[in-house]
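Following: one structure in structure tokens, then a few remarks.
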Amino acid sequence: MLKDRFKAKADAAAAEIKEILKVHGNKVIGEVQLSQIYQGMRGITGLVSETSLLDPQEGIRFRGYTIPELWEKLPKFKNGSEPMPEGLFYLMLIGELPTDEDVAHITSVWQRRSHVPSHVFDTLDALPVHTHPMTMFVIGVMALQTESYFSKAYAKGLNKKDYWEPTFDDAMVLIARLPRIAAYIYRRKYKNNEHIEPNGLLDWSGNLAHMLGYEDDKFKKLMRLYMTIHADHEGGNVSAHATHLVGSALADPYLAYAAGMNGLAGPLHGLANQEVVKWIFEMQEALGTKQPTKEQIAEYVKKTLSEGKVVPGYGHAVLRQTDPRFIAQMAFGKEHMPDDPLVNTVWNIYEVVPPILQSLGKVKNPWPNVDAHSGALLVHFGLVEYEFYTVLFAVSRALGVLTSLCWDRALGMPLERPKSVTTELVKRWLEGKEQIWGE
Ligand code: NMX
Ligand code: MLT
Numbered sequence: 006m007l008k009d010r011f012k013a014k015a016d017a018a019a020a021e022i023k024e025i026l027k028v029h030g031n032k033v034i035g036e037v038q039l040s041q042i043y044q045g046m047r048g049i050t051g052l053v054s055e056t057s058l059l060d061p062q063e064g065i066r067f068r069g070y071t072i073p074e075l076w077e078k079l080p081k082f083k084n085g086s087e088p089m090p091e092g093l094f095y096l097m098l099i100g101e102l103p104t105d106e107d108v109a110h111i112t113s114v115w116q117r118r119s120h121v122p123s124h125v126f127d128t129l130d131a132l133p134v135h136t137h138p139m140t141m142f143v144i145g146v147m148a149l150q151t152e153s154y155f156s157k158a159y160a161k162g163l164n165k166k167d168y169w170e171p172t173f174d175d176a177m178v179l180i181a182r183l184p185r186i187a188a189y190i191y192r193r194k195y196k197n198n199e200h201i202e203p204n205g206l207l208d209w210s211g212n213l214a215h216m217l218g219y220e221d222d223k224f225k226k227l228m229r230l231y232m233t234i235h236a237d238h239e240g241g242n243v244s245a246h247a248t249h250l251v252g253s254a255l256a257d258p259y260l261a262y263a264a265g266m267n268g269l270a271g272p273l274h275g276l277a278n279q280e281v282v283k284w285i286f287e288m289q290e291a292l293g294t295k296q297p298t299k300e301q302i303a304e305y306v307k308k309t310l311s312e313g314k315v316v317p318g319y320g321h322a323v324l325r326q327t328d329p330r331f332i333a334q335m336a337f338g339k340e341h342m343p344d345d346p347l348v349n350t351v352w353n354i355y356e357v358v359p360p361i362l363q364s365l366g367k368v369k370n371p372w373p374n375v376d377a378h379s380g381a382l383l384v385h386f387g388l389v390e391y392e393f394y395t396v397l398f399a400v401s402r403a404l405g406v407l408t409s410l411c412w413d414r415a416l417g418m419p420l421e422r423p424k425s426v427t428t429e430l431v432k433r434w435l436e437g438k439e440q441i442w443g444e
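The sequence shown begins at 6 in the numbering used here and counts up one residue at a time.
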């Protein structure tokens with residue numbers, strides 16, 4: 006059973022970590038500079054997240070595998086070339102590549118557990134239709150929190166050693182139900198409230214595409230790609246970190262995941278995927294053309310910067326190269342829609358923006374991130390409602406942050422509570438009048 010396999014892996018890892026800490030617990034990792042505590046804690050190693058690791062040059066590795074390696078090694082969708090996010094979930098949870106049977110098992114568990122209780126739809130129906138889809142999404146997740154095994158078990162009295170088990174059960178159920186909630190929001194807001202019943206025979210991503218109303222096999226393929234590449238980006242990104250932080254107070258997985266997704270809804274994080282397409286549409290409008298030249302794009306980028314705005318989809322807090330997730334989407338575009346005008350505009354922007362950002366002399370990474378590309382692929386299939394895009398990111402991100410929460414609970418990770426200081430204390434410390442704790 007998947008649960009037993011996870012528990013065996015987690016017990017072995019916990020014993021190993023205990024031994025590492027016993028012998029090496031006092032070893033110092035890096036040093037913290039004053040500027041770092043004022044500037045977003047950039048570069049401070051302060052978290053453990055087992056599911057993936059980000060290399061600034063190379064990009065993300067999931068349990069040691071790069072995105073191209075995942076394409077080669079994860080089980081593929083039947084008769085297709087694309088791996089299934091179910092396989093990545095298994096890899097992040099267990100730490101080993103799954104077999105076809107492992108993936109089929111997860112698909113079938115998620116199919117069986119996908120029923121969303123009607124009060125969740127009633128809650129969504131009570132919201133004004135102009136509510137942003139990400140706000141609807143986290144409210145939908147919160148309405149579903151009534152189902153939490155963890156909160157019920159904790160209320161009854163739960164031994165610390167057993168925290169992981171209802172967390173695992175919550176993660177499986179929540180992930181299984183998210184496509185239905187996402188699709189309900191989409192159909193309610195954009196498709197006259199005309200809903201599409203789930204198809205219990207489809208895989209997790211295929212069913213999401215189906216319930217959204219996109220039956221093209223290529224769109225389903227895109228959803229499998231999309232759900233795989235957005236799943237995780239080590240532990241320090243806002244959505245993963247917020248989920249971990251809130252989960253560390255033993256908030257149940259619904260509460261913790263919703264907290265993370267509130268962070269994902271920020272324009273410097275996941276909402277950047279909507280901002281990219283909005284920005285391109287505004288550029289097209291301003292220039293009166295669907296296919297601006299590179300010169301026109303360059304002028305528009307400079308105008309954006311002169312207004313004190315960021316160029317959405319570019320830059321990263323850790324990455325220092327083109328995001329391999331951008332490259333994976335570019336490859337999809339080259340294979341399936343090489344002549345699409347919007348996709349070609351995204352590629353022209355990729356040529357134009359980095360030298361301009363570099364010329365500012367302050368942007369640490371002038372290269373595109375995952376969000377620079379994703380919207381254009383969705384527009385190609387007719388999914389033009391860009392405010393919805395971050396909801397798709399959120400469905401995928403559940404795979405990473407919830408497997409991490411299972412690990413947090415199985416390893417007995419404690420309450421997260423770093424020390425903060427005041428500027429008054431910093432000033433006294435600089436004058437040598439006061440010590441800062443931990444020096
Ligand atoms: N356009 C204009 N200016 C930028 C950009 C950009 N794309 N990226 C960084 N800068 C500026 C940044 O605002 C800062 O300016 P100032 O000193 O005046 O405050 C300066 O360059 C240094 O910032 P960095 O250290 O390079 O970047 P930081 O780690 O602070 O922030 C991001 C990282 C991702 C928040 C930033 O690059 C950004 O705002 N990008 C655009 C939004 C975006 O695409 N976010 C999505 C990230 C991926 N995701 O899905 O989460
Ligand atoms: C992510 O996928 O979470 C983003 O690239 C942001 C990050 O890693 O900080």
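Where is the CB? At the ideal position from N, CA and C, for every residue including glycine.
Pick from 421, 398 and 408 that is closest to residue 176, judged by C-alpha positions: As a first step, residue 176 is located in the sequence shown; it is residue number 171 there, counting from the start. Closest in C-alpha terms to residue 176, from the list 421, 398 and 408, comes 408.
Have a look at the DSSP bridge pairing and note the partners of residue 64. By one-based count along the sequence shown, residue 64 stands at place 59. 60, per the DSSP bridge assignment.
With DSSP collapsed to three states, give me the class of residue 373. Taking the first residue of the sequence shown as position 1, residue 373 is located at position 368. Of the three classes helix, strand and coil, the one that applies to residue 373 here is strand, per DSSP.
Quick one: Cα of residue 441 to Cα of residue 40, how far? By 1-based counting over the sequence shown, the position of residue 441 is 436. By 1-based counting over the sequence shown, the position of residue 40 is 35. Going by the C-alpha atoms only, they are around 15 Å apart.
Find out if the Cβ-Cβ distance for the pair residue 404, residue 337 is shorter than 7 Å. The residue given as residue 404 occupies position 399 in the sequence shown. The residue given as residue 337 occupies position 332 in the sequence shown. No, the Cβ-Cβ distance between residue 404 and residue 337 is not below 7 Å.
In the DSSP assignment, find the unbroken alpha helix (DSSP H) run with residue 111 in it and report its ends. Here residue 111 refers to the residue found at position 106 when the sequence shown is read from its first residue. It spans 105-117 - the alpha helix (DSSP H) in which residue 111 sits, taken as one unbroken run.
Is residue 239 near residue 59, with beta carbons less than 7 Å apart? The count along the sequence shown starts at 1 and reaches residue 239 at position 234. The count along the sequence shown starts at 1 and reaches residue 59 at position 54. When the beta-carbon positions are compared, residue 239 and residue 59 come within less than 7 Å of each other.
Residue 197 versus residue 143 - alpha carbon distance: For the purposes of this step, residue 197 is taken as residue 192 along the sequence shown, with counting starting at 1. For the purposes of this step, residue 143 is taken as residue 138 along the sequence shown, with counting starting at 1. Their backbone Cα atoms lie some 21 Å apart in a straight line.
Using beta-carbon positions only, say whether residue 253 and residue 232 come within less than 7 Å of one another. One-based indexing of the sequence shown puts residue 253 at position 248. One-based indexing of the sequence shown puts residue 232 at position 227. Going by C-beta atoms, residue 253 is not nearer than 7 Å to residue 232.
With hydrogens ignored, establish whether the beta-carbon of residue 238 is closer than 6 Å to any heavy atom of the ligand FMN. For the structure depicted, the ligand FMN is absent and the ligand set comprises only the ligand NMX and the ligand MLT.
Can you tell which of 83, 268 and 87 has the C-alpha that lies nearest to the C-alpha of residue 77? To locate residue 77, count along the sequence shown from 1; it is residue 72. The residue with the shortest Cα to Cα distance from residue 77 is 87.
For residue 242, is the beta carbon positioned less than 6 Å from some heavy atom of the ligand MLT? Position 237 of the sequence shown, counted from the start, is the residue given in the question as residue 242. For the ligand MLT, at least one heavy atom lies less than 6 Å from the Cβ of residue 242.
Would the beta-carbon of residue 424 be found less than 6 Å away from any heavy atom of the ligand NMX? Indexing the sequence shown from 1 puts residue 424 at position 419. No, the Cβ of residue 424 stays beyond 6 Å of every heavy atom of the ligand NMX.
To the nearest angstrom, how far is the alpha carbon of residue 148 from that of residue 183? Taking the sequence shown and counting its residues from 1, one reaches residue 148 at position 143. Taking the sequence shown and counting its residues from 1, one reaches residue 183 at position 178. Roughly 12 Å separates the two Cα atoms.
Contact check, residue 380 vs residue 316 under 8 Å by CB: the rounded distance? Translated into positions along the sequence shown, residue 380 becomes position 375. Translated into positions along the sequence shown, residue 316 becomes position 311. For a cut-off of 8 Å, the C-beta gap from residue 380 to residue 316 is around 14 Å, too long to register as a contact.
Minimum C-alpha distance to residue 418 - residue among 226, 24, 163 and 168: By 1-based counting over the sequence shown, the position of residue 418 is 413. Looking at the Cα atoms, 168 is the closest of the given residues.
Any non-hydrogen atom of the ligand NMX closer than 6 Å to residue 374 Cβ: Along the sequence shown, read from residue 1 onward, the residue named residue 374 stands at position 369. Yes, the beta carbon of residue 374 sits closer than 6 Å to at least one heavy atom of the ligand NMX.
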